[in-house]
Every structure is written in structure tokens, then in C-alpha cells.
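S.K.:
Protein chains: 2
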Amino acid sequence: MDEQWIIDKIKAAGLKLTRPRMLVIEVLRQNKNGFISADEIFNLINHKEKVCDLTSIYRTLTSLEEIQLVEKSDFFGEASQYRLLSHQDHYHHHHHYFKCNECGKIEVLCGDCNVVQYENDLKKRGFSNLSHRLELSGLCPSCNK
Amino acid sequence: MDEQWIIDKIKAAGLKLTRPRMLVIEVLRQNKNGFISADEIFNLINHKEKVCDLTSIYRTLTSLEEIQLVEKSDFFGEASQYRLLSHQDHYHHHHHYFKCNECGKIEVLCGDCNVVQYENDLKKRGFSNLSHRLELSGLCPSCNK
DNA sequence: TCTTTATTGCAATCTGTTTGCATTTACCTT
DNA sequence: AAGGTAAATGCAAACAGATTGCAATAAAGA
Ligand SMILES: [Mn+2]
Ligand SMILES: [Mn+2]
Ligand SMILES: [Zn+2]
Ligand SMILES: [Zn+2]
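This is the structure we're talking about:
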């Protein structure tokens with residue numbers, strides 16, 4: 000059911016394996032590679048009957064972010080969005096996002112990026128410790144038809 | 000005092016030249032090339048005595064954004080930030096931002112960008128109408144010492 | 001099973017922002 | 001220079017997303 004490495008990571012961090020946490024993770028897993036808000040998670044979890052409070056979802060997301068199981072994005076205005084980091088994301092994670100202006104879906108774009116060149120220019124100008132985030136928008140392939 | 004083209008733009012849009020609007024613009028002008036929040040604008044305007052309501056500042060910023068005199072950014076978490084677009088910004092504006100992790104200052108980086116290459120790759124994959132925003136962070140030259 | 005400590009639910013609180021509405025103001029007409 | 005009109009304002013109330021305090025609960029180790 001839940002991938003083992005997730006369980007391991009939570010335990011290794013000294014966090015308990017609680018019901019709200021399992022529920023949140025399950026939703027995030029189903030939503031792999033996409034972003035989802037706390038409220039959307041809440042609604043998915045509680046659509047039949049209320050089994051978990053919104054507060055706990057926020058707290059869970061915060062904890063999971065701290066142990067780098069979850070990535071939070073304030074990028075797209077509105078409510079913060081979250082996604083489960085994949086096992087490999089966790090090692091060399093890099094943030095390129097695409098938001099479709101039509102369907103609103105946020106997609107994580109994998110692959111190399113050339114912003115590094117840009118960063119090198121900035122280093123020459125006295126900036127340091129650089130990191131970056133890139134947000135693209137437009138029409139996604141399915142809305143493009 | 001106020002640059003003429005700003006006045007012209009406001010009139011051309013059919014907006015009235017009101018006191019709150021003039022006050023906000025004056026603050027934005029002084030803050031050229033930097034971002035500032037509604038609340039900071041409020042405090043600057045009213046530091047001696049209250050001359051303008053926060054609501055009007057929000058409404059002013061929204062109006063000015065609509066006529067593209069102001070750019071709003073929800074980029075950096077926290078409160079939205081605004082800046083006055085320069086005359087030339089208005090024509091080929093491009094958004095590259097740098098936020099210093101130390102002093103918190105947000106800087107607008109001018110200059111060309113190579114993300115266009117990235118966009119070209121995406122076009123081949125079926126995306127269209129692409130635009131992008133790039134956020135960099137790290138230490139600015141002054142905090143780097 | 002017992003004990004300890006983290007985690008939970010709930011209500012209250014917070015911050016940033018927006019809205020409704022009565023009053024005022026800019027500015028166009030006379 | 002006054003007057004009329006629609007736009008813009010101030011104030012209070014509402015809003016949304018998120019956070020906090022606290023007493024009750026439940027997970028994990030003994
Ligand atoms: Mn990159
Ligand atoms: Mn660019
Ligand atoms: Zn789409
Ligand atoms: Zn700095």
C-alpha cells in the first residue's frame with residue numbers, strides 16, 4: 000500500500016505513524032507529480048465522513064515538508080500547494096513548474112535547465128549561494144488542441 | 000514632480016487623478032525598481048497623520064495594475080508586493096527577480112535570459128503560448144561580504 | 001498492559017485582502 | 001464659477017488561508 004521508503008523516512012525522523020498522516024500521504028501519492036492544496040486534500044479525505052481535521056492536514060504537511068518528503072509551493076498565488084517528493088527528487092530536486100492557463104493544472108517539468116548560466120553571470124556580479132525557481136505558464140498539450 | 004507619462008496614462012484610462020492615487024504613485028516612484036507591499040505603502044503615506052485608508056491603497060494598486068502601470072508579485076510568499084513599471088518595462092517587460100535570503104530585498108534583474116531555449120523545447124512537446132517567470136535567491140552583493 | 005510523549009480536534013485567533021454602502025470628490029457641463 | 005454625475009473614498013464588516021493554545025487522545029516503547 001504505502002511505499003516502504005516513505006514509512007521508513009517518517010520513522011527515521013522520529014515521527015509517529017498516525018492516521019491523519021497516512022491519509023494525507025495516500026492522497027499525495029495518488030496525486031503524484033501534481034500539486035494539491037490543503038483544502039483539496041481535506042475534501043478528498045473527508046468526502047464520505049469527517050475523519051480528519053483541516054488543522055491536522057496543515058500540521059502534517061508542515062512536518063512532512065520539514066523532513067523533505069513534501070514540497071510546498073507558494074508560487075502560483077492563491078492557496079499553497081503541496082506535492083510528495085519522489086525518492087529521487089529528494090536527492091537532486093530542482094524546481095521547474097508549468098501552470099496551464101486553461102485547465103489550471105500544475106505540472107512538474109523534469110530535465111536539465113540552463114538557468115545555471117544565468118546564475119554564473121550573477122556570481123560574477125557579487126551574488127552568491129544562488130538557487131532558483133522557474134515558473135512557466137501557457138497552454139498544456141491537452142488544452143492546446 | 001510626477002512624471003507626465005504616468006499622469007497621461009491614468010487619464011487615458013479614464014481614471015481620476017485622486018489624492019490617494021497620487022500618494023501611492025509617489026511612494027512607488029521613490030521605491031523605483033524595488034517591490035513594496037500595500038502595508039508598507041500605507042505606513043509611508045500615513046507616518047505623520049492618517050491621510051489615506053489601506054483599502055484605497057489596495058484599490059489603487061489594483062487599478063494601476065489593470066492599466067499596467069504597476070506590477071504585482073505574489074512570488075515570494077507573504078504579502079503581495081508591487082512596483083511601478085517603468086516606461087520601457089511596459090513595452091518589453093520581462094520578469095527576473097532576485098530575493099536576498101539575508102536582507103530580504105527583492106531586486107529586479109534586467110537583461111536577456113536563456114529560458115527561451117527551454118520554452119522552445121516545450122513547444123516541441125505540445126505546449127504553447129508560453130511565458131515564464133524566474134525567481135532567484137541567495138545572497139546579494141552587499142550581504143555577501 | 002502501562003507510561004510517556006507526540007499528535008489530534010476544536011475553537012479561537014491572525015494576517016492579508018476584499019466587499020457593501022453611505023459619503024465625498026474629481027471633473028465635465030453649463 | 002457653480003452644479004450635476006459618476007467614480008472613488010473611508011469605514012466597518014466579511015473573507016480566506018493559515019496558525020495557535022489547550023485539553024483530550026493515541027502511538028510507540030517498556
Ligand atoms: Mn532550473
Ligand atoms: Mn526570462
Ligand atoms: Zn491545460
Ligand atoms: Zn541582501
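Line by line, the protein sequences are chains R and Z. Residues in the first sequence are numbered consecutively from 0, following numbering that gives the first Met the number 0. Residues in the second sequence are numbered consecutively from 0, following numbering that gives the first Met the number 0. Cβ atoms here follow ideal geometry from the backbone N, Cα and C, with glycine treated the same way.
1) Would you kindly check if the distance between the Cβ of residue 96 of chain R and the Cβ of residue 126 of chain R is under 8 angstroms?
2) Tell me, to the nearest whole angstrom, how far the beta carbon of residue 59 of chain R is from that of residue 19 of chain R; I am working on the premise that it is less than 8 angstroms.
3) Quick one: list the residues of chain Z neighbouring residue 109 of chain R, beta-carbon separation under 7 angstroms, in chain order.
4) Going along the chain, which unbroken runs of the beta strand (DSSP E) with 3 or more residues stay wholly within the region 34-76 of chain Z?
5) Count the other CB atoms, across all protein chains shown, that sit within 10 Å of the CB of residue 103 of chain Z; report buried if there are 16 or more and exposed otherwise.
6) Identify the residues that DSSP records as bridge partners of residue 149 of chain R: which are they?
7) Distance cutoff 8 angstroms, beta carbons only. Does residue 26 of chain R sit that close to anything in chain Z?
8) Do the CB positions of residue 107 of chain Z and residue 131 of chain Z come within less than 8 angstroms of each other?
9) Please check the pair residue 37 of chain Z and residue 56 of chain Z, which I expect to be a contact at CB under 8 angstroms, by giving their CB distance rounded to whole angstroms.
10) Check this for me: beta carbons of residue 84 of chain R and residue 31 of chain R, under 8 angstroms apart or not?
11) Smallest Cα separation from residue 135 of chain R: which of Z:138, Z:139, Z:67, Z:117?
12) List in chain order the residues whose CB is within less than 7 angstroms of at least one heavy atom of ligand 3.
13) Using only alpha-carbon positions, find the residue among Z:39, Z:67, Z:109, Z:14 that is nearest to residue 26 of chain Z.
14) Spell out a yes or no on whether the region 45-54 of chain Z and the region 39-51 of chain R are touching, meaning 3 or more CB-CB pairs, one atom from each, closer than 8 angstroms.
15) Can you list the residues of chain Z that residue 124 of chain R reaches, using a CB-CB cut of under 9 angstroms?
16) Please determine, among Z:66, Z:43, Z:33, the residue with the shortest C-alpha to C-alpha distance to residue 4 of chain Z.
17) Indicate whether at least one CB of chain R lies closer than 8 angstroms to the CB of residue 128 of chain Z.
18) Locate the alpha helix (DSSP H) running through residue 28 of chain Z, then write down its first and last residues.
M.R.: Let me spell this out:
1) no
2) 6 angstroms
3) What residue 109 of chain R touches in chain Z: nothing, since even the nearest Cβ is about 12 angstroms away.
4) 69-72
5) exposed
6) Because chain R in this structure spans residues 0 to 144, residue 149 of chain R falls outside the shown range and cannot be described.
7) no
8) no
9) 5 angstroms
10) no
11) Z:117
12) R:99, R:101, R:102, R:104, R:138, R:139, R:141, R:142
13) Z:39
14) no
15) 140
16) Z:66
17) yes
18) 18-29
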